[in-house]
Amino acid sequence: MIDTGLNSQDSQEAASKLLIELYAQPGVSGVCLQNGRTIIKHDLPFSDERVTSFSNRVDHLIGGYGVVGRNIWQVCAGFENFWLLILCHKELRLSLLLKPNSDTSLISSRAAHLLMQMEATKPAAPAPMPQAAAPTEVSSNGHHPPVGKEDLEKILSGLLSRVTGSAQAGKIIDRELSKFPGVKGFSVAEANEIGQAVIDFVPNRGKRASLLSEFQNAINS
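For the sequence shown, the numbering used here assigns the number 5 to the initial residue and increments by one for each residue that follows.
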């Protein structure tokens with residue numbers, strides 16, 4: 005996954021402390037902390053695949069509101085056997101599984117405070133990558149050259165504008181690329197990860213799969 009700046013030992017220790025403090029709140033039975041789509045720490049009782057899918061859906065949900073200018077900081081949903089509370093602070097998302105009839109106001113207040121403390125542990129942003137030369141063909145050692153940021157934006161814009169308005173497509177793409185200020189080029193793996201995050205906003209599963217296939221062919225060719 006793309007480095008989020010939250011993989012340092014200090015940040016991991018802060019995340020562990022956050023989980024411990026959250027479990028001191030009555031009713032908390034599971035926690036997942038993520039930065040964007042990258043999971044920092046979790047103890048949800050699910051497989052890694054299901055937790056990854058869950059974190060993607062959480063980021064997609066929050067990002068969908070942000071794209072239309074309606075930033076939210078809290079979501080609460082009640083299910084038969086548990087409640088789900090999601091809190092947001094910038095790119096951090098904190099999801100909590102709660103026992104029914106838990107005091108969500110108390111838990112939310114404490115969790116929001118801890119989330120802001122977690123944000124404060126993020127190290128300074130790394131220096132921007134040097135601008136990559138425009139990619140032309142696969143290098144002699146078989147490795148793909150970096151994918152230029154502008155090239156990536158053009159590919160995604162062309163694909164996404166087929167299923168949504170150009171203005172909406174631009175907002176979705178800008179949201180993902182704004183996470184990498186100063187970066188001029190990405191590895192193929194990084195570009196694929198960004199592309200999937202953008203295309204995931206397409207609600208129709210068939211169209212989403214088709215666009216993703218076209219995107220990966222364009223990036224990997």
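All C-beta atoms in this analysis are idealised placements derived from N, C-alpha and C, irrespective of residue type, glycine included.
Under 7 angstroms between the Cβ atoms of V192 and I223?
-> Yes, the Cβ-Cβ distance between V192 and I223 is below 7 angstroms.
What does a CB cutoff of less than 7 angstroms around E218 pick up in its chain, not counting 5 residues either side in sequence?
-> Taking C-beta separations shorter than 7 angstroms and ignoring five residues to either side along the sequence, the partners of E218 in its chain run L163, following chain order.
Just confirm the distance between the C-beta atoms of I176 and E157, as a whole number of angstroms; I'd bet it's less than 8 angstroms.
-> That pair is no contact at about 11 angstroms.
Cα-Cα separation, P207 to L26 | Each residue's Cα considered, the two are about 34 angstroms apart.
In terms of residue numbering, what span does the alpha helix (DSSP H) encompassing N196 cover?
-> Start and end: V192 to I203.
Neighbourhood of A171 by C-beta, 7 angstroms cutoff - its chain only, sequence neighbours within 5 removed | Contacts found: none.
Using beta-carbon positions only, say whether L101 and S33 come within less than 7 angstroms of one another.
-> Note that the C-beta distance between L101 and S33 is below 7 angstroms.
Among Q78, I111, R97 and A81, which residue has its Cα nearest to the Cα of A28?
-> When only C-alpha atoms are compared, the closest one is I111.
Backbone CA spacing between T56 and K153 [nearest angstrom] = Their Cα atoms are separated by approximately 26 angstroms.
For Q78, count neighbouring Cβ atoms within 10 angstroms of its own Cβ and tell me buried if that reaches 16, exposed if not.
-> With fewer than 16 Cβ atoms within 10 Å of its Cβ, Q78 is classed as exposed.
Determine, using beta carbons only, whether C36 and L48 come nearer to each other than 7 angstroms.
-> Inclusion of C36 and L48 in the CB contact set at 7 angstroms is warranted, their separation being smaller than that value.
Ends of the alpha helix (DSSP H) at A173?
-> Going by DSSP, A173 is part of the alpha helix (DSSP H) stretching over S170 to L181.
Any heavy atom of the ligand PLP closer than 6 angstroms to the CB of F190?
-> This structure simply doesn't include the ligand PLP, nor any ligand for that matter.
Cβ shell of V151 (< 7 angstroms), same chain only, five flanking positions each side left out | Taken in chain order, the residues that qualify are P139, G189, F190, V192, A195 and I223.
Within its chain, find whatever has a CB closer than 8 angstroms to the CB of R212; leave out the 5 residues flanking it on each side and keep chain order.
-> The beta carbon of R212 sits closer than 8 angstroms to those of I203, D204 and V206, all from its chain and outside the five residues before and after it, given in chain order.
Over what stretch of residues does the alpha helix (DSSP H) that includes Q226 continue unbroken?
-> The question about residue 226 has no answer, for the chain in this structure spans 5 to 225.
How long is the line joining the alpha carbons of L96 and N105, rounded to whole angstroms?
-> Each residue's Cα considered, the two are about 26 angstroms apart.
Tell me whether I66 sits in a helix, a strand or coil according to DSSP, three-state version.
-> It is helical.
By a C-beta neighbour count over all protein chains shown, 10 Å radius and 16 as the cutoff for buried, is M122 buried or exposed?
-> Answer is buried; the Cβ neighbour count reaches 16.
Looking only at DSSP bridge pairs, what is N60 linked to?
-> For N60, DSSP records no beta bridge to any residue.
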